[in-house]
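Written below as structure tokens is the structure these notes are about.
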Amino acid sequence: MTQPRDDTRDDAPATASKRGDAAVEALSGTIAEAQGSHILGRAVTINKPADELFAFFRDFANLPSFMENVVSIDVLDDTRSHWVVKGPIGRVEWTARVTEEQPGRLIAWTSEEGAQIPNSGRVEFKPVEGRGTVVTATILYDPPGGIVGKVIAKMFQREPGIQARRDLRRFKQLMETGEVATPAMNPKQFEEMGL
Numbered sequence: 010m011t012q013p014r015d016d017t018r019d020d021a022p023a024t025a026s027k028r029g030d031a032a033v034e035a036l037s038g039t040i041a042e043a044q045g046s047h048i049l050g051r052a053v054t055i056n057k058p059a060d061e062l063f064a065f066f067r068d069f070a071n072l073p074s075f076m077e078n079v080v081s082i083d084v085l086d087d088t089r090s091h092w093v094v095k096g097p098i099g100r101v102e103w104t105a106r107v108t109e110e111q112p113g114r115l116i117a118w119t120s121e122e123g124a125q126i127p128n129s130g131r132v133e134f135k136p137v138e139g140r141g142t143v144v145t146a147t148i149l150y151d152p153p154g155g156i157v158g159k160v161i162a163k164m165f166q167r168e169p170g171i172q173a174r175r176d177l178r179r180f181k182q183l184m185e186t187g188e189v190a191t192p193a194m195n196p197k198q199f200e201e202m203g204l
């Protein structure tokens, strides 16, 4: 006789869980002062040492070089930074505070009170023998405008899940090749075309 299936069991990583509330709760337990009702997780393998990737990422002033929708990040002190990001309905801002840091391994943050988009998360750097480092970004956030806002953001390709995937790909390009590939023409190409 077969045992009845236990549909409450979900051994997937929190970011891949089909039970959103349980996933958010599980992740919230790993981030100090976690904020956000939606979860996303993305990962990429980068052929560079974890310490090098962490050091570049930890200097928040570097992030706009590969994060497409980040307008600016002003570093306020060792643990706080002010973010300005393009959203589907305009710019949004918040101040983020580092809540946990393990050099070469992980950095976690949470937005401070008054954030237009409450969010928190962590980026982990895990060395993989012979392949470099797996960089995993896990983010909790409250979409502006709730579910309707999330749908609008997806339509404009500004939904955080889409952006996280693209940004990690650009991070990989930048760290492995020294530049981010783009379909846009650079000034020299415009000049060569006589434009």
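10 is the number of the first residue of the sequence shown in this note's numbering; add one for each residue after it. Yeah, the Cβ is synthetic: ideal placement off N, Cα and C, and Gly gets one too.
Next item on the list: Return the CA-CA distance between VAL93 and GLU138, expressed in angstroms with no decimal places.
Entry: The alpha-carbon of VAL93 is positioned some 37 angstroms away from that of GLU138.
Margin query: For PHE75, which residues in the same chain have their Cβ closer than 8 angstroms to its Cβ, ignoring the five residues on either side in sequence?
Written below: Closer than 8 angstroms at the Cβ level, and outside the excluded window around PHE75, lie ASP176, ARG179, PHE180, GLN182, LEU183 and VAL189.
Next item on the list: Using three-state DSSP, classify PRO58 as helix, strand or coil.
Entry: PRO58 falls in the coil class under three-state DSSP.
Note to self: Can you tell me whether PRO73 is helix, strand or coil according to DSSP?
What the structure shows: DSSP places PRO73 within a helical segment (H, G or I) once states are collapsed to three.
Checklist line | Contacting residues, own chain, Cβ-Cβ under 8 angstroms from GLU77 (five flanking each side not counted) | finding: If you ignore the 5 residues before and after GLU77, its C-beta comes within less than 8 angstroms of the C-beta of GLN172, ARG175, ASP176 and ARG179, all in its own chain and listed in chain order.
Notebook entry, point to check: In whole angstroms, what is the alpha-carbon distance linking PRO136 and GLU185?
Noted result: Each residue's Cα considered, the two are about 15 angstroms apart.
Item checked: Of the residues VAL107, ASP87, THR147 and ILE82, the one placed nearest THR100, counting alpha carbons only -> The sequence given here places Arg at residue 100; Thr does not occur at that position. Measuring from the Cα of ARG100, the nearest candidate turns out to be ILE82.
Margin query: Considering only the alpha carbon of each residue, which of ASN71, THR104, THR54 and LEU85 lies closest to GLN125?
Written below: Selected option, being the one with the closest Cα: THR104.
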